[in-house]
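Numbering-wise (our numbering), the sequence shown opens with residue 394 and increments by one. Don't be surprised by glycine CBs; every beta carbon is placed ideally from N, CA and C.
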Amino acid sequence: MAGRARALLPPAVLLVLVLLVVAPDPYGEDCRSKMYPPSGPTFKGNVPTYVINLDLPPSKRWDELIRDKKTELKAVVQDIKDIANTFFPSGKIVDIVDHKISHLTDTLPYPFNEELQGIANSSGIPLG
């Protein structure tokens, strides 16, 4: 019986190798052409351009952008909290970040600390 198993082993290994070589690539992608300019049902239009005026006070530089993107920013922050709560269901990670981040912004050099405070004020999302 052991002799038969040894005799079947090389053809079985060969069959597995052939199947691996012939099998389609599970991570392969189709070659796509004529995809630019974008169109179709998911196209939402051109991406807007914003000019961040560095001559303005740091707390006011991002006001226009945040005013236009406030809803999206709040959604992203909520998504990040949801992801953190998925991995740490107790909510402690989100609580730590919510209570410690305002203290971290005080340690940032000028003008970054004031820019973050201005973004928080414009968006209505508290730093802590």
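It is roughly 47 Å from the alpha-carbon of L497 to the alpha-carbon of D418.
Residue range D456 to F480 is occupied by the alpha helix (DSSP H) that includes E465. Excluding the 5 residues flanking it on each side, I445 has same chain C-beta neighbours closer than 6 Å at R454, in chain order. Look at the beta carbons and you see the stretch 409-424 not touching the stretch 468-482: under three pairs across the two are nearer than 8 Å.
For N506, the three-state secondary structure derived from DSSP is helix. Each residue's CA atom was taken as its position, placing I512 and L458 some 9 Å apart. In the DSSP assignment, T500 falls within the alpha helix (DSSP H) that extends over K485 to T500.
Rounded to whole angstroms, the separation of the alpha carbons of S483 and S452 is 34 Å.
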